[in-house]
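Q: Protein chains in written order, with the numbering used here: chain S, 488 to 600; chain B, 435 to 546.
Think of the CB as a built atom: it goes at the ideal place given N, C-alpha and C, for glycine as much as any other residue.
(1) Measure the beta-carbon distance from residue 552 of chain B to residue 536 of chain B and round it to whole angstroms, keeping in mind my assumption that it falls under 8 Å.
(2) Does residue 503 of chain B have its Cβ less than 7 Å from a Cβ in chain S?
(3) Would you check if the region 522–537 of chain S and the region 522–541 of chain B touch, i.e. whether three or more CB-CB distances between them fall below 8 Å?
(4) Based on Cα-Cα distance, which residue from B/511, B/538 and B/504 lies nearest to residue 519 of chain B?
(5) Over what stretch of residues does the beta strand (DSSP E) that includes residue 545 of chain B continue unbroken?
(6) Cβ closer than 8 Å: which chain B residues qualify as neighbours of residue 591 of chain S?
(7) Does residue 531 of chain B get closer than 7 Å to chain S when you measure Cβ to Cβ?
(8) Taking only the alpha-carbon atoms, compute the straight-line gap between residue 556 of chain S and residue 563 of chain S and give it to the nearest angstrom.
(9) Pairing CB atoms from the region 591–599 of chain S with CB atoms from the region 491–502 of chain S, are three or more of them under 8 Å?
(10) Take residue 500 of chain B and list the residues in its own chain whose beta-carbon comes closer than 7 Å to its own, dropping the five residues that flank it on each side.
(11) Excluding sequence positions up to five away, which residues of its chain have a Cβ less than 8 Å from the Cβ of residue 490 of chain S?
(12) Determine whether the beta carbon atoms of residue 599 of chain S and residue 502 of chain S lie at a separation below 7 Å.
(13) Return helix, strand or coil for residue 514 of chain B, following the three-state DSSP convention.
(14) Does chain B have any CB closer than 7 Å to the CB of residue 518 of chain S?
(15) To the nearest whole angstrom, what separates the beta carbons of residue 467 of chain B and residue 524 of chain B, a pair I think is in contact under 8 Å?
(16) From the DSSP secondary-structure annotation, give me the bridge partner or partners of residue 541 of chain S.
(17) Taking only beta-carbon positions, decide if residue 532 of chain S is within less than 7 Å of chain B.
(18) What number of angstroms, rounded off, separates the C-alpha of residue 545 of chain S from the C-alpha of residue 495 of chain B?
(19) For residue 577 of chain S, go through chain B and note every residue whose CB falls closer than 9 Å to its CB, in chain order.
(20) Within the 7 Å Cβ cut-off, does residue 528 of chain S reach chain B?
(21) So, with DSSP's three-state summary, where would you put residue 571 of chain S?
(22) Measure the C-alpha to C-alpha separation of residue 491 of chain B and residue 541 of chain S and round it to an integer number of angstroms.
(23) Check the Cβ-Cβ distances between residue 594 of chain S and every residue of chain B, and say whether any is below 7 Å.
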């Protein structure tokens, strides 16, 4: 499968726990994006990587959130001390260049209880 | 004001109907425009890009009016399988990040 892969598909965690999600983009794509989507809303931008460099972060990405793409291939998104408001679908997307549409992964659905 | 605004609907139409969705965007410097389709609890998938001259893909027609900062999607001869949420998407022109800004989405329900 040459699409964007995200793991896990679902995560239920207790408030206050840390969680980490992984994204494997399409291998030729050097641009990687993380978005968050809540019910009834469109995806909201969180952060962007070009190769291993994190070039933009949204103000939505509080200090509890951190993302990495250490070798310019897969990426991880970690949320520390989760809160109920973090419950959402976390979507990863990749793109070969600007002005191209994205290919999204299936997302990781996080539920904080 | 939201950067990309759409009527959330829902639009309920019978099979075979023609339906149109509209979208406005706030940044006149945006250069790339798309429509994405999202099925319930699935990821968004690219439906079509939107070009200045307008473009068609089968039953789907997209149009762009840069002067009014307005994008539209027309679906002819609606099928049950067209039921989904349609997301209007524009690029963020700042920097060269390729960042895309998504509207809230418009929900379409096609009824038999």
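A: This is what the structure holds:
(1) The structure shown has nothing for residue 552 of chain B, since chain B only spans 435 to 546.
(2) no
(3) yes
(4) B/538
(5) 540–545
(6) 477, 478 and 479
(7) With 7 Å as the cut-off, residue 531 of chain B counts as an interface residue toward chain S.
(8) 7 Å
(9) yes
(10) 486
(11) 513, 590 and 592
(12) In this structure, residue 502 of chain S lies closer than 7 Å to residue 599 of chain S by Cβ.
(13) helix
(14) It does: the Cβ of residue 518 of chain S has a partner Cβ on chain B nearer than 7 Å.
(15) 5 Å
(16) S/536
(17) yes
(18) 33 Å
(19) Neighbours of residue 577 of chain S on chain B: none; closest Cβ ~11 Å, over 9 Å.
(20) yes
(21) It is helical.
(22) 36 Å
(23) Flagged as an interface residue toward chain B: residue 594 of chain S, by a C-beta distance shorter than 7 Å.
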